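Visitor: One structure, pasted below without further comment.
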Amino acid sequence: MASAFAVLDETLPAPGPELVGITALVAAMVVVTSFAVPADGRRSVVYRANFLGTLFHEGGHALVSILTGGGVGRVAIDSPESGGTWHRTPPGLAAVLTSAAGYAMPPLAGLGAAGLLHRGLVPAVLTLTLAAMVFLLLFTRDLLTFVVVVAVGAIVFGALRWAPVWLKNGVAYAEAWLLLTSELGGLRALVLNRFRHGFGGQEDDAAMLARSTGIPALVWIAAWLALIAWAVWRAIPLLWPT
Numbered sequence: 000m001a002s003a004f005a006v007l008d009e010t011l012p013a014p015g016p017e018l019v020g021i022t023a024l025v026a027a028m029v030v031v032t033s034f035a036v037p038a039d040g041r042r043s044v045v046y047r048a049n050f051l052g053t054l055f056h057e058g059g060h061a062l063v064s065i066l067t068g069g070g071v072g073r074v075a076i077d078s079p080e081s082g083g084t085w086h087r088t089p090p091g092l093a094a095v096l097t098s099a100a101g102y103a104m105p106p107l108a109g110l111g112a113a114g115l116l117h118r119g120l121v122p123a124v125l126t127l128t129l130a131a132m133v134f135l136l137l138f139t140r141d142l143l144t145f146v147v148v149v150a151v152g153a154i155v156f157g158a159l160r161w162a163p164v165w166l167k168n169g170v171a172y173a174e175a176w177l178l179l180t181s182e183l184g185g186l187r188a189l190v191l192n193r194f195r196h197g198f199g200g201q202e203d204d205a206a207m208l209a210r211s212t213g214i215p216a217l218v219w220i221a222a223w224l225a226l227i228a229w230a231v232w233r234a235i236p237l238l239w240p241t
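Just so we're aligned, residue 0 is where the sequence shown starts under numbering that gives the first Met the number 0, counting upward by one.
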């Protein structure tokens, strides 16, 4: 038990600017693939990295639902940028917090990871990510979600257990950048859906928040975008070597 907690205090040497830059570039490429839809509809392999943000998005709904006195039936991942969480949450503030947590969780988790990485706590980032996958596995009921959760968990566990220092750093820094920026494509889709199909009849997080609070969906989308911008702004000096 002591060794299990000791890994949370273990530090690794900070990576050089080359590795940090490469991982940031990978995250930028993932964002670009989220924005650019090919004419034939076929996405690149890089696009699949969005699974990480979607897992944390749905995990945010599940975690906040439980913390506010509700319960979770199941979590499902349909695609790299689509999923759902079936939860039972008390009405009022608890329901608002649970709905808002989806788009808020990835950038906040990315900022938290950046803070740990700034202190050299790479193993802690990987261990906490593995714990998040175990948490999601408790509510997994379908094959695709199971495969995605297990795949992410296996990558993180493999890096934590066997990877050399440079690869541990690479996985942890890539995760931080991906979480910080992963919801940009999702927010773009929310805006486009409203201008293409109208503001009525939407069933996404922004629509649910608009119905429950009376605050327009675009205001919620703008708030999530501001949160992402703030998280990235705060994370860059933490992640970039000085």
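Beta carbons: idealized from backbone N, C-alpha and C, even for Gly. Because the structure is a prediction, the values reported are computed rather than measured.
Would you mind listing the alpha helix (DSSP H) stretches within the stretch 67-133 that are 4+ residues and don't spill past its ends, in chain order?
Guide: 92-117
Visitor: Keeping to the same chain, check which residues put their C-beta closer than 6 Å to that of GLY101; ignore five residues upstream and five downstream.
Guide: HIS56, GLY59, HIS60, ASP204
Visitor: Starting from TYR172, trace the alpha helix (DSSP H) both ways and give me its first and last residue.
Guide: 164-180
Visitor: How big is the Cα-Cα spacing for VAL74 and PHE194?
Guide: 29 Å
Visitor: Tell me which same chain residues have a C-beta within less than 7 Å of the C-beta of ILE65, skipping the five on either side of it?
Guide: Excluding residues up to 5 positions away in sequence, VAL71 lie with their Cβ nearer than 7 Å to the Cβ of ILE65 in the same chain.
Visitor: Rounded to whole angstroms, what's the CA-CA distance from GLY157 to THR139? Just pull it up for me.
Guide: 22 Å
Visitor: Of the choices ILE214, ALA228, ALA173, whose alpha-carbon is the least far from that of VAL95?
Guide: ILE214
Visitor: Assuming LEU179 and VAL231 are in contact, meaning their beta carbons sit under 8 Å apart, how far apart are those beta carbons, in whole angstroms?
Guide: 5 Å
Visitor: Measuring alpha carbon to alpha carbon, tell me which residue in SER98, LYS167, LEU116, TRP223 is nearest GLY185.
Guide: TRP223
Visitor: Skipping 5 residues on each side, what residues in its chain have a beta carbon closer than 8 Å to that of ALA130?
Guide: Correct list: empty, nothing qualifies.
Visitor: Is DSSP giving THR22 helix, strand or coil here?
Guide: helix
Visitor: Which residues in the same chain have their Cβ closer than 8 Å to the Cβ of PRO16, if we skip the five residues on either side of it in sequence?
Guide: TRP239, PRO240
Visitor: What residue range does the alpha helix (DSSP H) around ARG193 cover?
Guide: 183-196
Visitor: Which value, in whole angstroms, describes the spacing of the CA atoms of ALA1 and ALA13?
Guide: Note on ALA1: pLDDT 44, under 50, position unreliable in the model; the coordinate value appears next. C-alpha separation (whole angstroms): 25 Å.
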